Each structure stands twice: as structure tokens, then as C-alpha cells.
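Working notes for the structure below.
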Amino acid sequence: MSWSHGFDVVVGESQVLLNLTEHTVSALREGIGTLARYLDDGPQQSGGFKDRLMFKRERLELLDRLLPRVSDYSPMAQEFIDRRGNDLLVELLEAARRVLASIPDSGPVRYQLAGVDDWIRVLGQARLVWVPRGTPGDSRSGDPRLRNAGLFTELQGQLVTALRPELAAQLTG
1 MSWSHGFDVV VGESQVLLNL TEHTVSALRE GIGTLARYLD DGPQQSGGFK DRLMFKRERL
61 ELLDRLLPRV SDYSPMAQEF IDRRGNDLLV ELLEAARRVL ASIPDSGPVR YQLAGVDDWI
121 RVLGQARLVW VPRGTPGDSR SGDPRLRNAG LFTELQGQLV TALRPELAAQ LTG
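Just so it is clear: in the sequence shown, position 168 is 168 by the working numbering, and no numbers are missing.
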């Protein structure tokens, strides 16, 4: 089966238009939806994932990919979680919900320019649904996990390049 993950980013005066293929819409909904469900289920207690033992191994692996430790030094990681962890998770969950709500069944995605950082942040985190951090995606791969991760990376890259050239310059060296 041939997959066409296609998209086009158009920046207007006050909004961004994303022209997406049907397969791209499906991949976005699946990845961002999975991210939102795991964030909604997860670690909004002060001690981190105090109930990790009740999760299945597969779910634990995904949670570790989506929400990696801040530091290998445990007291430092816990201090960060205590100060900022829950706020960051809530902000990411809210951004994921806004992005999901903006994806129509047909036609282009229209998103206010002032809030497009939601897309950039959510795409970067949601790619971890399919691959571990540090594993490059490949939108031309026969492996659907690598293909979807590659799609998210490419779409995020195009958004950054179009909207935040100063960040794009840092990423490309």
C-alpha cells in the first residue's frame, strides 16, 4: 500500500493554514489523541507516577518516552517535578486538545498565528508516541512507526521554518 503523508504550510496575516491529506489527518489524530489520553490519565500528582506499578509494561514504556526524566540525578528531577512538572503537563494537554479540535474532517486546518506554538510543541512531543527520543523518523519508511514519526518531525520542521526562522537557524546550524 502506498501512503501519501502530504501537507503544505501557508502563513497568512493572522492565521496559519495547513493543507493536509487524508492520511496525514488520520496520523495526526491518532498520535495527538494518544498523547492527550496518556497525559489526561497520567501524572498529575505531586510525586510523579505514584501508581506506575498498575500500568502494563507497554504503557510504562510509552509513558517513559512521552515524559522522560528531567535528570538522572533523582533529587534534582523530583525538585523540578515538584516545581513545574504538573503545570507543564497541564499546558501540554490543553495544547494537544486545542490542536485536535482544530483539525477538521475536510479542508485545511486553520489556526490562529498567535497560538501556533501549540502545534510546534504538540508535534514534537506526539512523535514520541511512535519512537523513542533520539530515534529519527522517516516519512518514506515501510515501518508505520518510523513513517508517522517522520511525518510529525517534517511538519514541525516546516512550521518552525515558516514561523520561527530564528529557531530554524539554530536547528540547522
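Cβ coordinates follow ideal geometry from the N, Cα and C atoms, glycine included. Owing to the predicted nature of the structure, the values given are computational and were not obtained by experimental measurement.
- Contact check for Arg-140 and Val-131: beta-carbon distance about 15 Å, past the 8 Å limit, so the pair fails to qualify.
- Note on geometry: alpha-carbon atoms of Ile-103 and Ser-26 lie some 10 Å from one another.
- In summary, Gln-125 is buried, with 16 or more beta-carbon neighbours lying within 10 Å of its beta-carbon over all protein chains present.
- The C-alpha of Ala-169 is placed about 30 Å away from the C-alpha of Ala-101.
- DSSP places Asp-8 inside the beta strand (DSSP E), whose first and last residues are 7-11.
- In this structure, the straight-line span from the alpha carbon of Leu-89 to that of Ala-96 is close to 10 Å.
- In the structure shown, Val-99 adopts helical secondary structure according to DSSP, grouped into three states.
- Within the same chain, and ignoring the five residues on either side of Asp-118 in sequence, the residues whose Cβ sits closer than 6 Å to its Cβ are Ala-95, Arg-98, Val-99.
- Of the candidates His-23, Glu-13, Phe-152, Gln-15, Phe-152 places its Cα closest to the Cα of Val-129.
- The residue among Gln-158, Glu-22, Thr-34, Gly-115 with its C-alpha nearest the C-alpha of Ser-14 is Gly-115.
- The C-alpha of Asp-143 is placed about 33 Å away from the C-alpha of Leu-113.
- In the DSSP annotation of this structure, the continuous segment of the beta strand (DSSP E) that includes Val-16 starts and ends at 15-20.
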